[in-house]
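A short write-up of the structure that comes next.
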Amino acid sequence: MRIFWLMIACLGGILALLAISRVVRELRPNPELKGLPMTSLEKLGWIGLAVTALVVAGIAGLVAIVGVDGFHEDPAARFTFWLLLMGALGIWGLAWARLRRDGGSVVVDERDRAILARSFSVESMVVLVSLVAWTVSLTEVFWDEGSIPIPYIQLLFWTTFVGGAMGRSLGIILGYRRELTVDA
Amino acid sequence: MPKAKIQNHIRRLRFEYGEMTQQELAERVGCTRQTIIVLEKERYVPSLSLAFQIARVFDRSIEEVFEYADE
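Each protein sequence line maps, in turn, to chains A and B.
Residue numbering for the first sequence follows the numbering used here, starting at 354 and increasing by one per position.
Residue numbering for the second sequence follows the numbering used here, starting at -6 and increasing by one per position.
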């Protein structure tokens, strides 16, 4: 059984590396698009990616320091967690308000809307992978106990939520690097 | 990146039309300057609505602004 899970972990690692290499390749500077000014939505995509990456790092650090059970019992850890989330939301909201103000008469046009619509496919993929990974791992870890502790359910939700937001930001950024045709 | 099949003469028409800037054209048709830039680079195919609006700015028919090019 242990070998089975090792194989699954290796397969997951290989798929993750392939996905990351694909993303890195897509994010390489494109000489044909050099000098292209960023749109408001593209700037928001980069801000969203940075903010969600910080939140993920923060959550990972919290869990590493206090553990999942300790996180639930320690009020300071919970406060830090909520501060991270609210802070991220606040920064994102302020950035969007600022970009709307500085964006001129047109903040989001048809091309931006099409890119935004397609970015949800990346978000959906991240959410799906996260849910599958959590479901499989929690089932196997807590099968004998017959129940899953609440902190893990919370962690499942928040990591999937933040991961989805990160996926959407990434989808926006990748969308600007691809040729796009709007269906009339 | 493969080129779009739809080619256009937006850049030439902008200069013929009193050296209109990309920003001015973008504001007149209701899109961002980046969209005008990628349009001129033929890296983006506009919707019919946007294509008609651009043609209307230059007082031309849509066929005079956009061409469907065989690859």
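The beta carbon of each residue, even a glycine, is placed where N, CA and C say it ideally should be.
These figures come from a predicted structure and were not determined experimentally.
Which bits of chain B does A:V459 rub up against, with CB to CB less than 8 Å? For the purposes of this step, residue 459 of chain A is taken as residue 106 along the first sequence, with counting starting at 1. Chain B residues near A:V459: A19, E20, G23, C24 and T25.
Within 8 Å (strictly less), CB to CB, does B:I55 reach chain A? Reading the second sequence from its first residue, position 62 is the one you call residue 55 of chain B. No, no contact with chain A.
Please return the same chain residues whose Cβ sits closer than 7 Å to the Cβ of B:M13, not counting the five positions on each side in sequence. Counting from one through the second sequence, the residue named residue 13 of chain B turns up at place 20. Excluding sequence neighbours, B:M13 sits near R7.
B:F95, enclosing beta strand (DSSP E) - first and last residue: In the structure as shown, chain B begins at -6 and stops at 64. Residue 95 of chain B is therefore absent and cannot be evaluated.
Since I believe A:E463 is in contact with B:C24 (beta carbons under 8 Å), could you give me their beta-carbon distance rounded to a whole number of angstroms? Counting from one through the second sequence, the residue named residue 24 of chain B turns up at place 31. Counting from one through the first sequence, the residue named residue 463 of chain A turns up at place 110. Going by Cβ atoms, the distance from B:C24 to A:E463 rounds to 7 Å, so yes, they are a contact pair.
Is there contact between the segment 481 to 489 of chain A and the segment 432 to 442 of chain A, where contact requires at least three CB pairs shorter than 8 Å? no
Let me know the secondary structure DSSP gives B:Y37 once reduced to three states. Position 44 of the second sequence holds residue 37 of chain B. Residue state, collapsed to three classes: strand.
Per the contact definition of three or more C-beta pairs closer than 8 Å, is the segment 408 to 422 of chain A in contact with the segment 463 to 473 of chain A? no
From what residue to what residue does the alpha helix (DSSP H) around A:I501 run? Stepping through the first sequence from its first residue, residue 501 of chain A is reached at position 148. Segment: none, A:I501 is in no alpha helix (DSSP H) and carries neither H nor E.
Assuming B:L32 contacts B:I55 (C-beta within less than 8 Å), just tell me the rounded distance between them. Counting from 1 along the second sequence, the entry for residue 32 of chain B is found at position 39. Counting from 1 along the second sequence, the entry for residue 55 of chain B is found at position 62. So it is not a contact: roughly 14 Å between Cβ atoms.
Per-residue contacts from B:I30 into chain A (C-beta, under 8 Å): Working through the second sequence from its first residue, we reach residue 30 of chain B at position 37. Here the neighbours are L389 and P390.
Name the chain A residues whose beta carbon is nearer than 7 Å to that of B:L43? If you number the second sequence from 1, residue 43 of chain B lands on position 50. Within chain A, the residues near B:L43 are E463.
So who's on the other strand from B:I47, going by DSSP bridges? The count along the second sequence starts at 1 and reaches residue 47 of chain B at position 54. In the DSSP output, where bridge partners are listed per residue, B:I47 has none listed.
Comparing alpha-carbon positions, which option in B:N1, B:Y61 and B:V22 lies nearest B:Q46? Here residue 46 of chain B is taken as the residue at index 53 of the second sequence, counted from 1. The option with the nearest alpha carbon to B:Q46 is B:V22.
Can you give the beta carbon distance from A:S522 to A:T392, rounded, assuming they're within the 8 Å contact cut? Here residue 522 of chain A refers to the residue found at position 169 when the first sequence is read from its first residue. Here residue 392 of chain A refers to the residue found at position 39 when the first sequence is read from its first residue. Wrong, their Cβ atoms sit about 14 Å apart, outside the cutoff.
8 Å Cβ cutoff, A:I526 in contact with chain C: As a matter of chain content, chain C is missing from the structure shown, whose protein chains are A and B.
According to the neighbour-count rule (16 or more other Cβ atoms, all chains shown, within 10 Å of its Cβ), is A:L508 buried or exposed? Taking the first sequence and counting its residues from 1, one reaches residue 508 of chain A at position 155. The residue in question, A:L508, is buried, as its Cβ has 16 or more Cβ neighbours within 10 Å.
Pull the bridge partners of B:I(-1) from the DSSP assignment, please. Here residue -1 of chain B is taken as the residue at index 6 of the second sequence, counted from 1. Answer by DSSP bridge pairing, in chain order: B:Y61.
Burial state of A:E493, where buried means 16 or more other Cβ atoms lie within 10 Å: Looking up residue 493 of chain A in the first sequence gives position 140. That one is exposed.
What residue range does the alpha helix (DSSP H) around A:D427 cover? For the purposes of this step, residue 427 of chain A is taken as residue 74 along the first sequence, with counting starting at 1. Taken as a continuous stretch (DSSP letters only), A:D427 belongs to no alpha helix (DSSP H), as it is neither H nor E.
Only counting the same chain, and skipping five residues up and downstream in sequence, which positions put a Cβ closer than 8 Å to that of B:A44? As a working note, residue 44 of chain B is residue 51 in the second sequence. If we look at B:A44 and ignore the five residues flanking it on each side, its Cβ neighbours are I55, V58 and F59.
Take the Cβ of A:F495 as the centre, count every other Cβ of all protein chains shown within 10 Å, and call the residue buried at 16 or more, exposed below. Working through the first sequence from its first residue, we reach residue 495 of chain A at position 142. Exposed, by the Cβ-count rule.
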